[in-house]
Each structure stands twice: as C-alpha cells, then as structure tokens.
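Protein chains in written order, with the working numbering: chain A, 1 to 493; chain B, 494 to 986. What follows is a set of notes on a single structure, which appears directly below.
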C-alpha cells in the first residue's frame with residue numbers, strides 16, 4: 001500500500017511554480033461555489049507518519065484557499081467534558097457544517113492505531129473498531145458529506161534523516177524530543193498497523209489517498225489536485241444515492257402486531273398509584289444520587305401517540321430528580337445550525353455527561369416515524385436510519401450510559417376523548433393543534449411505522465418498552481418501574 | 494432586607510387550590526406568547542438559603558409551565574473546558590435564546606457570596622465583582638433580556654428545624670450531610686453577606702425578589718405570580734430603551750485624527766522583509782510553543798479597511814503556529830442561534846482555551862464600525878457597545894488572555910489600486926464585491942467611526958495597534974513584531 005509512496009516523487013521548482021497560480025484559482029473557485037451552494041460539507045482527514053509535515057499541509061490549505069470556509073479540528077487530548085461522553089462525541093461536535101471544509105488533524109483513526117502499535121488493543125477489538133468507523137463514515141457519506149482521507153507517508157530512511165536534520169539545526173532542535181525517537185523505533189510496527197487500517201477502511205465513499213511526504217512540491221500539488229477534483233466532481237454531480245434494493249416493509253399477513261397485542265385494559269387504582277409512585281420515585285432518587293451513578297449517565301427517550309401522556313410521565317420521573325441533574329430536550333424543528341449537520345448531530349450535542357440525565361421528549365426516532373409517514377425524507381434515508389440508530393445507541397451503551405426508550409400507546413378512542421377534553425381546558429389548549437388532528441387521520445400508517453421501529457431497533461442493549469397508556473396511572477408506574485430496574489441492573493444492584 | 498421574609502407567610506390549602514388552575518393557565522398563555530414572539534429571553538436566577546427548596550421551585554416551574562420552553566442551567570463545579578476560559582464563559586454558554594426561559598440554579602452570585610462568607614474574598618474585591626455583575630446584567634437587559642432574580646429565604650430557626658426533620662425521617666436522612674450542618678453554622682455570616690450582595694445588585698433592570706420559603710404554597714404562588722406579571726408586562730410593552738443623553742460624537746474641529754496622523758509612506762524592502770519575517774515567525778513560534786504559554790491564551794483581532802491586507806497578515810502570523818493551536822473565526826452574518834442571543838454571545842463562544850489562539854477576522858467591533866455607519870443598529874446600541882466591549886476585554890485579560898487588536902489602514906488611492914487589481918486576478922476576484930465599492934463611498938464615515946473606536950476602546954490593558962498598511966511588507970512585520978512584544982511582555986520575558 002505504501003510502495004508508490006516510497007518512489008522518491010519529486011516535482012521541480014519550475015514546474016511547480018508554473019502550476020500553482022492556476023491551481024489556487026481553481027481551488028478558490030471550487031471552494032467559493034461549495035460555500036455558496038452550502039449543500040454538503042467536506043471532511044478532510046489528515047494522518048500519517050511523523051515528520052511528514054502534516055501541519056504544513058494544513059497550513060497550505062489555509063493559505064491556498066479561503067480560511068474563512070475551512071475549520072481545523074485539532075484533536076488533542078480529550079477534555080473532561082469529552083471524556084465524560086462517548087468517544088465519538090468530540091468528533092461530532094467538530095464536524096464542519098454544509099458549505100465548509102473541516103480538516104481533522106488527528107481523527108477517529110489515531111487512537112486505535114496507537115493502541116494497536118503499543119500492543120494495548122487486540123486484533124479482534126481493532127477489527128470491531130474499524131467496522132464501526134466504516135459504518136460511521138458511510139453514514140456521513142449518506143448524509144451528503146464528501147470525505148477525503150489523506151495519509152502522508154515517509155520511508156523509514158527519510159524519516160530518520162528528517163529527525164537528524166532537525167536536531168542538527170539550532171533553530172529546530174527543540175522540535176525533536178525523546179518521544180519522537182521512541183516513536184521512530186516503532187516505525188515498522190506503525191507501518192504495518194497503518195497499512196492494515198488503511199486497507200480495511202478505504203471504501204468507495206471514503207477512500208484513503210496515500211501521498212509521499214518527502215518532496216513538499218509533490219505533496220502539495222498532489223493533495224491540492226485531489227481535493228480540487230473531488231470537490232468539483234461532487235459540485236457537478238450531486239451524490240447519486242447508493243441505490244440499494246430495500247426489502248419493502250409491510251404489515252404481518254395476519255394483521256397481528258406488537259401494538260395491537262398490548263392489553264390496553266390494564267389500570268391502577270388511585271391508591272395503588274400513589275403508593276407506588278412514592279416508592280419508585282424514592283428508589284429512583286436514591287439510585288441517581290448514588291456514588292455509582294456518578295460514573296454512569298442516563299438517557300431516556302419518550303415517544304408515543306399524540307396525547308398519550310408523555311409530558312405527564314416525564315414530570316413524574318423528573319420529580320424524583322434534583323433539578324441540577326437533568327435536562328429535558330424537546331425535539332422540534334431543527335435550527336439552521338442543526339440543518340447544516342448530519343441528522344443525528346442535534347441529538348449528539350445534548351448527550352449528558354457522566355452523572356447526568358437527558359430526557360428526550362421525542363427523539364432521533366422522528367426519522368422513522370413522522371418523517372417516514374409524512375414523507376419528509378426519502379425512503380432511502382429512513383430505511384438506513386434503523387441501523388444508524390442502532391450504531392448510535394450501541395455507542396451510548398458502550399460508554400456506560402443507561403438508555404431507556406418508551407413508546408406510550410393509547411387507543412384511538414382514548415385519544416379522541418383526550419383531544420376533546422384538552423380543547424375544553426384552557427391551560428391544556430395549547431397542547432392540541434391542527435397537526436394533531438391530521439396525524440390522527442393517519443393512525444394505521446403510524447402504527448405500522450411504530451411496529452417496524454420496534455422490530456428493527458429494539459435490541460438487547462437498548463430495548464423498547466411499550467407502555468399501555470390508556471390509564472395514566474398504570475403508564476406512569478410502568479415507566480418508573482422500568483427505569484428503576486434498568487438502573488439497578490446497570491449498576492449491578 | 495429579609496424581614497418581610499420571616500413573617501411566617503402562610504396560604505391555606507383551600508385558597509391555594511382555588512388559585513392554582515387559573516394561574517397555571519395564565520402562565521402557559523404567557524409562556525406560549527413568549528415562545529411565539531421569540532423577541533426576548535427570560536433569565537431567572539434562583540438563589541437563597543439551603544433547605545428553602547430552591548430545587549422544588551424549579552421543578553414547579555417545569556410542572557406548571559411547558560418544560561419545552563424552559564432550560565435549566567445547573568451550575569455545578571466548572572468543567573476543565575470552563576476553567577480554561579474566563580469565569581463568565583460558562584454562564585454565556587448557558588444563556589437562554591429569545592423566546593425561552595432560562596433558569597440559573599446557582600449563578601454568577603454563588604462564588605462571590607461563598608468566597609466572602611468563607612473569608613476568602615476582600616470587601617474591595619467583592620465590591621468590584623458586584624460592580625461587574627451589575628454592568629453584565631445591564632448589558633443583558635439592554636439586549637432585551639427580562640431578568641428576574643429570586644432569593645428564597647428561611648429564618649435560622651426554620652432552617653434548623655428543616656434539617657432536623659429531614660434527619661429524623663428514614664427516607665430523607667441521606668439528604669443531610671456533615672457539610673449541611675457546617676454551612677448552617679455559617680448562617681449569620683451568610684445572611685449578612687447575602688443581604689449586602691442583594692442590596693448592591695438590586696437594580697431597576699434586574700431586581701431581586703426575596704421570598705419566604707417556609708410555606709410552599711406561599712412560595713409557589715408568589716414566585717409564579719411575579720414571573721407571570723413580569724412576562725405579561727414585557728409582552729405588552731416592549732422594553733423602553735433607557736434613553737440616556739448621548740454626548741454626540743463628532744470629528745475634532747481641526748480635522749486631525751489618529752488615522753490621518755499616520756505616516757502612510759512607511760515601507761520595507763523585500764530583503765529586509767524576508768529577513769524580519771523569518772525572525773519574528775521564529776520568535777512567535779517559540780513563544781507560543783513554550784511551557785509558559787500553556788497557561789495563557791491569545792486572542793488576536795484583525796479589523797481594517799477593505800483590501801487592507803488582513804488576510805495576508807493573518808496567514809503570515811498563522812504560518813508561525815502549529816495548525817493544532819489556532820483557529821480563525823471569520824465574522825460574517827450571525828446564524829439563527831446567534832441572533833437569538835445577546836450581541837457578544839457569538840464571540841464568547843469561540844474564545845480559546847488555555848494554550849490556544851483564536852484569530853478573529855473582523856470582530857465584536859463590527860457594532861461600532863459597519864453597524865454604526867450603515868445604521869444596522871440604533872445609536873443607543875452602538876453607543877453602549879464601547880463600554881460593553883471594554884468590560885468584555887477586561888474579563889479576557891483578567892483571566893490570563895493576551896489580547897492584541899490591529900487596525901490595518903490604507904489610503905483611499907491604495908484601496909482603489911487594490912480593488913482594480915483584484916478584479917483582474919482570477920483567484921482574488923471573489924474577494925471584491927459590490928459591497929466593497931459601496932463601503933468605499935462612505936470613507937469619511939468609516940474613518941470617523943474608527944477614530945471614535947480607538948478613542949473609546951484603546952485601553953491600557955487592550956490597546957489598539959494602528960498599522961500603516963499601504964506597504965504590505967511593512968504592515969505584516971509591524972503586526973508580527975507587536976504580537977511578539979505583547980506575548981513577551983505578558984509572559985514576563
């Protein structure tokens with residue numbers, strides 16, 4: 001894989017200087033059109049061997065193009081806010097918006113490569129990690145991102161010469177530290193691991209380009225031309241959707257489904273409700289205030305038919321918590337900054353840090369519910385959302401989050417009763433809108449979407465809890481009990 | 494100040510239950526109109542004595558109103574990202590957008606009060622801190638925020654009884670810790686300091702309301718009614734601008750000003766330029782990579798006439814840096830999320846953490862330059878901006894940031910030459926727009942705005958450097974030299 005990058009490519013000064021002006025002009029034109037269209041972001045990963053002057057490449061991009069439309073994400077050590085969340089959180093928060101070029105200097109490849117080189121990661125773990133990365137990049141690509149991954153390579157000899165030359169020069173001596181030489185001693189190992197990683201993750205939608213870093217003119221021209229070509233191509237041909245033959249989703253032939261199978265008659269007397277409410281709120285309160293929880297976090301997703309009682313259930317839950325521990329994120333229309341990002345971005349941004357709770361009042365499932373039913377996104381988009389959501393939730397759980405997902409369901413008759421009642425009570429009037437009546441008319445479509453969602457996203461690590469909510473008492477207690485049990489299980493009680 | 498809050502106010506159950514439904518309805522109506530108009534945010538500070546159930550009040554607000562339009566900012570210990578920036582950064586990032594209610598549970602008052610109670614802050618320091626707070630809140634208010642500050646009070650006796658009762662009950666015993674009793678022993682001190690702080694910071698635009706926390710019904714009704722009344726009033730009467738008689742700004746009678754006094758003939762030969770460029774870039778590079786800088790940070794502001802060479806100067810500076818250390822923030826039109834916040838919010842959000850550099854390509858000075866000249870904001874807005882900016886910059890410098898501000902100036906003739914040249918060179922063409930030609934026609938107005946800006950915001954802690962930029966070599970070297978000197982001075986070299 002690195003053979004072509006050890007051939008000693010050299011561009012002479014004259015040829016270089018003859019090419020650069022037109023190249024810069026073309027890059028600026030392309031970049032300007034990218035910014036004007038603001039239809040997709042460009043994600044540029046910069047990796048490679050030490051001393052291959054990766055930093056110079058980044059500076060070059062800023063110099064040859066308009067730095068106003070480039071954002072460099074320098075991936076230092078994670079901050080405590082980053083460490084308190086799933087590992088990918090820091091990359092999500094650094095993603096460029098549509099119309100911009102985001103340069104990742106260090107990326108999601110850095111840690112796995114280094115751990116493997118140092119022998120701190122097993123091959124099977126690496127394989128799994130790379131698999132996750134490929135899925136992540138495919139998702140970004142499906143969301144429209146143009147992904148380019150550059151690997152700057154130096155042969156072992158050249159790298160050694162570079163280090164020695166730097167050491168010899170009084171002005172640059174400070175740049176070479178003991179750590180640099182230690183890393184150099186791992187050159188062969190590093191090369192082997194990198195080669196493996198690049199091979200496994202060079203995909204059609206996010207290919208690696210290996211560039212020899214020995215001659216800066218060759219390196220610069222090559223990088224700039226590939227970048228230019230890629231942006232131009234995409235500007236000219238908005239990404240063709242990876243077609244994919246979807247097995248159509250259709251109702252079970254016997255018309256039995258998970259929603260219709262629920263026993264909607266279940267209820268709880270006021271007395272039993274009040275006793276159990278106090279009990280479960282007490283238990284939750286203790287669980288979430290316990291020392292063990294400070295190393296966990298809790299994400300609760302509430303979805304449900306309109307008027308199913310999500311708000312009431314959320315309030316009963318939150319009353320068990322200290323106001324400092326939780327936030328409720330109501331999911332409404334995305335903001336301008338959110339629309340400029342991949343679909344899941346606006347959910348990532350509100351993930352709780354350790355010791356905290358985030359309640360999503362509606363959630364990322366909007367894509368496979370309302371957006372599917374109302375045709376707000378293409379079939380390809382909501383079809384791929386199931387596995388993207390599973391990947392997302394797996395990351396949450398892997399990082400120590402407890403994830404609970406509730407679907408609150410009511411019968412059509414009960415919903416009608418509640419709609420009518422709401423229209424009469426002043427302070428509940430704002431809760432019922434024309435949209436609610438419209439949604440109601442698509443009851444069967446929504447029911448089918450819910451069943452498909454449960455089939456495809458109720459996993460062993462993040463199961464759905466279906467809540468029979470015709471009786472509010474019963475529903476609220478089921479929610480609280482489930483939360484207690486999930487927390488107790490996760491915290492080993 | 495607390496006398497009225499120790500009278501044992503009590504509302505009986507019947508009266509309470511009779512009032513609540515209408516109150517909730519009215520609150521929801523007000524909140525809904527607030528959200529619909531989205532013209533101003535409501536900032537609610539919750540402070541007070543321990544055990545006065547401040548958390549219950551926050552839960553109550555979430556229960557009686559629509560939690561979708563309330564965001565609770567729980568001010569725990571600052572994260573390392575917060576600690577690496579000026580102290581107010583964490584409050585800025587938690588400000589509610591227009592149309593929402595932001596509840597600060599713990600606020601900018603917490604630290605000064607606690608430090609003073611523990612004897613770790615001198616009275617003179619406290620006075621200065623409170624003065625800064627008053628100016629901060631005045632700014633928020635001028636930006637349209639409705640600010641309400643609630644202080645929940647309990648007499649010493651009542652607080653003691655509460656702690657004992659909690660301890661006696663097996664279910665609540667865990668809530669009372671040694672630390673609670675230690676804080677209780679400081680009750681008198683705490684009361685005295687709080688009283689002083691409340692008195693000094695209860696202003697017309699951000700008054701404190703002290704509420705007795707003994708009886709929850711009294712507390713709830715009182716809080717809710719004040720909140721309701723305040724929102725309603727503001728909805729009905731959009732805030733009258735604090736008139737203020739502005740001493741008009743006018744040019745000096747002799748027509749001499751700081752810009753016209755510059756010696757625009759200064760220049761530097763190519764040879765001298767290249768030598769000095771290498772020298773200063775080397776010095777900067779060492780300074781910013783030094784261990785001392787890891788405890789500092791650098792903010793560089795570039796302003797200047799169109800085509801004055803800001804971009805070129807920025808690039809020459811950035812070439813001295815590691816791409817991982819800096820980001821360039823181009824200031825263009827604010828986004829939707831930025832427009833929903835106070836003017837300075839979008840600059841706060843990009844402040845560098847320790848060890849990092851942020852370069853603002855145009856900046857918060859837009860308000861007193863383009864917005865003033867083009868009439869994009871009211872005179873009152875740009876007039877107050879000078880002191881708000883000085884307050885802002887003082888905070889940056891106080892927290893260990895090095896702040897350098899450059900105004901690059903060129904003559905009218907030189908600008909014309911550059912505009913014409915740009916229109917000829919392809920890859921610079923995008924740099925010149927109709928707007929640039931339009932701005933040019935208002936040369937004298939801009940010149941006056943620049944002079945006023947320098948007069949009012951060139952302070953001993955954050956001086957402006959005026960850069961004669963007819964000769965690009967000269968300008969770039971002056972910028973680099975100034976940066977070197979500022980850093981050396983700040984780092985005690």
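Positions of the beta carbon are idealized from the N, C-alpha and C atoms, including for glycine.
Terminal residues of the continuous beta strand (DSSP E) containing residue 646/B?
-> Counting from 1 along the second chain, the entry for residue 646/B is found at position 153. Counting along the chain, the beta strand (DSSP E) containing residue 646/B begins and ends at 639–646.
Assign residue 5/A to buried or exposed, taking buried as 16 or more other Cβ atoms, counted over all protein chains shown, within 10 Å of its Cβ.
-> As a working note, residue 5/A is residue 5 in the first chain. When all chains shown are included, residue 5/A counts as buried.
C-beta contact flag for residue 150/A and residue 45/A at 8 Å | Within the first chain, residue 150/A is the residue found at index 150, counting from 1. Within the first chain, residue 45/A is the residue found at index 45, counting from 1. Yes, these two residues count as a Cβ contact at 8 Å.
What is the residue span of the beta strand (DSSP E) that residue 958/B lies within?
-> The residue given as residue 958/B occupies position 465 in the second chain. Its beta strand (DSSP E) spans residues 957–961.
Using a beta-carbon distance cut-off of less than 9 Å, what residues from the segment 312–327 of chain A approach chain B?
-> 314, 315, 318, 319, 321, 322, 323, 324, 325, 326 and 327
Where residue 900/B sits in the DSSP three-state scheme = Counted from its first residue, the second chain places residue 900/B at position 407. Strand.
Identify the continuous alpha helix (DSSP H) that holds residue 952/B and give its terminal residues.
-> Indexing the second chain from 1 puts residue 952/B at position 459. Segment: none, residue 952/B is in no alpha helix (DSSP H) and carries neither H nor E.
So with Cβ pairs under 8 Å, would you call residue 281/A a contact of chain B?
-> Along the first chain, read from residue 1 onward, the residue named residue 281/A stands at position 281. Output row for residue 281/A: interface = no.
So the beta strand (DSSP E) residue 495/B belongs to, where does it begin and stop?
-> In the second chain, the residue the question calls residue 495/B occupies position 2. Segment: none, residue 495/B is in no beta strand (DSSP E) and carries neither H nor E.
Residue 615/B classed as buried or exposed, judged by whether at least 16 other C-beta atoms fall within 10 angstroms | Position 122 of the second chain, counted from the first residue, corresponds to residue 615/B. Burial call: exposed.
Report buried or exposed for residue 954/B, applying the criterion of at least 16 other Cβ atoms within 10 angstroms of its Cβ.
-> Taking the first residue of the second chain as 1, we reach residue 954/B at position 461. Exposed, since its Cβ has fewer than 16 Cβ neighbours within 10 Å.
Are the segment 786–797 of chain B and the segment 881–895 of chain B touching, with three or more C-beta to C-beta distances below 8 Å?
-> When Cβ pairs closer than 8 Å are counted between the two stretches, the segment 786–797 of chain B is seen to touch the segment 881–895 of chain B, the count reaching three or more.
According to DSSP, which residues form a beta bridge with residue 71/A?
-> As a first step, residue 71/A is located in the first chain; it is residue number 71 there, counting from the start. Residue 71/A is bridged to 102/A.
Interface partners of residue 598/B on chain A, CB under 8 Å = Working through the second chain from its first residue, we reach residue 598/B at position 105. What residue 598/B touches in chain A: 323 and 324.
Measuring CB to CB, does residue 851/B end up less than 8 Å from residue 862/B?
-> For the purposes of this step, residue 851/B is identified with residue 358 of the second chain, where counting begins at 1. For the purposes of this step, residue 862/B is identified with residue 369 of the second chain, where counting begins at 1. No.
Any Cβ of chain A within less than 8 Å of the Cβ of residue 617/B?
-> Position 124 of the second chain, counted from the start, is the residue given in the question as residue 617/B. Among the residues facing chain A, residue 617/B is not included, as its CB has no counterpart in that chain under 8 Å away.
So what's residue 918/B in DSSP terms, helix, strand or just coil?
-> As a position in the second chain, residue 918/B is number 425, starting the count at 1. When DSSP states are grouped into helix, strand and coil, residue 918/B belongs to the coil group.
Could you have a look at residue 580/B and say whether DSSP puts it in helix, strand or coil?
-> Here residue 580/B refers to the residue found at position 87 when the second chain is read from its first residue. Three-state result, residue 580/B: coil.
Does the beta carbon of residue 530/B come closer than 8 Å to any beta carbon on chain A?
-> Mapped onto the second chain, residue 530/B falls at position 37. Judged by the 8 Å Cβ criterion, residue 530/B is not in contact with chain A.
Return the chain-ordered list of same chain residues with a C-beta closer than 6 Å to the C-beta of residue 209/A, the five sequence neighbours on each side being excluded.
-> Sequence index remark: in the first chain, residue 209/A carries index 209 (1-based). Cβ within range, chain order: 150 and 226.
Residue 222/A touches chain B at which residues, Cβ-Cβ below 8 Å?
-> In the first chain, counting from the first residue as 1, residue 222/A sits at position 222. Under the 8 Å cutoff, chain B gives no residues; its nearest Cβ is about 19 Å from residue 222/A.
Run through DSSP, which three-state label would residue 794/B get?
-> Here the question's residue 794/B lines up with position 301 in the second chain. Strand, per DSSP.
Select from the segment 389–401 of chain A all residues with a C-beta closer than 7 Å to any C-beta belonging to chain B, and list them in chain order.
-> none
Thinking C-beta only, is residue 235/A closer than 8 Å to residue 37/A?
-> On the first chain, residue 37/A is found 37 positions in, with the first residue counted as 1. On the first chain, residue 235/A is found 235 positions in, with the first residue counted as 1. A contact, by the Cβ cut-off of 8 Å.
Alpha carbon of residue 178/A to alpha carbon of residue 770/B, nearest angstrom = Residue mapping note: residue 178/A aligns to position 178 of the first chain, counting from 1. Residue mapping note: residue 770/B aligns to position 277 of the second chain, counting from 1. Approximately 30 Å, taken between the alpha carbons.
Using the DSSP secondary-structure output, state which residues sit across from residue 48/A in a beta bridge.
-> For the purposes of this step, residue 48/A is taken as residue 48 along the first chain, with counting starting at 1. Answer is 152/A.
Check each residue of the segment 53–70 of chain A: if its Cβ is closer than 7 Å to any Cβ of chain B, include it; give the result in chain order.
-> 55, 58, 59, 62, 63, 67 and 68
Pull up the DSSP beta-bridge partners for residue 212/A, would you.
-> Residue mapping note: residue 212/A aligns to position 212 of the first chain, counting from 1. Paired residues: 153/A.
Do the segment 692–700 of chain B and the segment 627–640 of chain B make contact, defined as three or more Cβ pairs closer than 8 Å?
-> yes
Mapping DSSP to helix, strand and coil, what is residue 121/A?
-> For the purposes of this step, residue 121/A is taken as the residue at position 121 of the first chain. Residue 121/A: coil per DSSP, three-state reduction.
Starting from the beta carbon of residue 966/B, find every residue of chain A whose beta carbon is closer than 9 Å, and list them in chain order.
-> As a first step, residue 966/B is located in the second chain; it is residue number 473 there, counting from the start. Near residue 966/B there are no residues of chain A at all, since even the closest Cβ is about 17 Å away, more than 9 Å.
Beta carbon proximity, residue 856/B to chain A, threshold 8 Å | Working through the second chain from its first residue, we reach residue 856/B at position 363. No, its Cβ sits nowhere closer than 8 Å to a Cβ of chain A.
Under 7 Å between beta-carbons, which chain B residues line up against residue 330/A? List them in chain order, please.
-> Position 330 of the first chain, counted from the start, is the residue given in the question as residue 330/A. Residues of chain B whose Cβ lies closer than 7 Å to the Cβ of residue 330/A are, in chain order, 561.
Assign residue 169/A to one of two classes, buried (16 or more other C-beta atoms within 10 Å of its C-beta) or exposed (fewer than that).
-> Walking along the first chain from the start, residue 169/A turns up at place 169. The residue in question, residue 169/A, is exposed, as its Cβ has fewer than 16 Cβ neighbours within 10 Å.
Report yes if the C-beta distance between residue 389/A and residue 469/A is below 8 Å; otherwise report no.
-> Stepping through the first chain from its first residue, residue 389/A is reached at position 389. Stepping through the first chain from its first residue, residue 469/A is reached at position 469. Residue 469/A is positioned such that its CB atom lies no closer than 8 Å to that of residue 389/A.
With 16 other CB atoms within 10 Å as the buried threshold, where does residue 503/B fall?
-> Within the second chain, residue 503/B is the residue found at index 10, counting from 1. By the neighbour-count rule (16 or more Cβ atoms within 10 Å), residue 503/B is not buried but exposed.
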